[in-house]
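A.B. asks: Per my numbering, the sequence shown starts with residue 346, numbered consecutively.
The beta carbon of each residue, even a glycine, is placed where N, CA and C say it ideally should be.
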Amino acid sequence: MDLGATVCRPKAPLCDRCPIAAHCAALATGAPETFPRKTAKAERPHRHGVAYVLTRGGEVALVRRPPKGLLGGMLALPTSDWRADRWSDAEAIAAAPAEASWRGVGEVEHGFTHFTLTLRLLRAEGEAPDVAGGEVIWSPRRDLDALPSVFLKAARAGLTNLL
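1. Ignore the nearest five residues each way along the sequence and tell me which others in D430's own chain have a CB closer than 8 Å to its CB.
2. With distances taken between CB atoms, is the gap from R409 to E472 smaller than 9 Å?
3. Using three-state DSSP, classify H368 as helix, strand or coil.
4. I'd like to check one pair, A445 with E404: are the Cβ atoms closer than 9 Å?
5. With A357 and E378 assumed to form a contact (beta carbons below 8 Å), what rounded beta-carbon distance in angstroms separates them?
6. Taking 6 Å as the limit between beta carbons, can you name the residues of its chain near M419, skipping five residues before and five after?
7. Give me the residue from V450, G451, K413 and A421 with the minimum Cα distance to I482.
8. Is the CB-CB distance between G456 and L466 below 9 Å?
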């Protein structure tokens, strides 16, 4: 017997026709129409990071992420670590991929499956040495659409926002 489709209907349950009504927890509450109840989603942790938009004329500096982990092996903007606390100005500049005149150009928010992220955006014009053991790849601005969405969002905002 398919009780869920014929008797235990969400909007109008037919409890008087149910063969197991005497054992029903939903009926015992006095509000069987409120079942099944959706469980509240667990709150996702929030992390903070800094994304660096380093330009050289019409090109943007990209790096390849480590092969394992989130967005493994994909091209990305250089970033700081992602952590629970916001990055201070001094920390953000110290973690930058190159010495340059970095200036803040806003923030972007992004949601991953298991956490949300605020990326503070710093932008500068200049050259970049190899970053964190990886080679800097200079990409034309028109080719940035292939980036993962979090980095595409950050690159677009960092290239258009001039605060």
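C.D. replies: Working from what's here:
1. The count along the sequence shown starts at 1 and reaches residue 430 at position 85. For D430, same chain residues with a beta-carbon under 8 Å away, outside a window of 5 residues either side, are H393 in chain order.
2. Locating residue 409 in the sequence shown gives position 64, where the first residue counts as 1. Locating residue 472 in the sequence shown gives position 127, where the first residue counts as 1. With respect to the 9 Å criterion, R409 and E472 are not classified as neighbours on the basis of their beta carbons.
3. By 1-based counting over the sequence shown, the position of residue 368 is 23. Helix at H368.
4. On the sequence shown, position 59 is the one that residue 404 refers to. On the sequence shown, position 100 is the one that residue 445 refers to. Not in contact: E404 and A445 (Cβ atoms no closer than 9 Å).
5. As a position in the sequence shown, residue 357 is number 12, starting the count at 1. As a position in the sequence shown, residue 378 is number 33, starting the count at 1. Contact annotation, A357 with E378: C-beta distance approximately 7 Å; criterion of less than 8 Å satisfied.
6. Looking up residue 419 in the sequence shown gives position 74. So the qualifying residues of the chain are R410 and P493.
7. Locating residue 482 in the sequence shown gives position 137, counting from the first residue. Per the C-alpha coordinates, the member of V450, G451, K413 and A421 positioned closest to I482 is A421.
8. Sequence index remark: in the sequence shown, residue 456 carries index 111 (1-based). Sequence index remark: in the sequence shown, residue 466 carries index 121 (1-based). Between G456 and L466, the C-beta gap is not smaller than 9 Å, which leaves the two residues out of contact.
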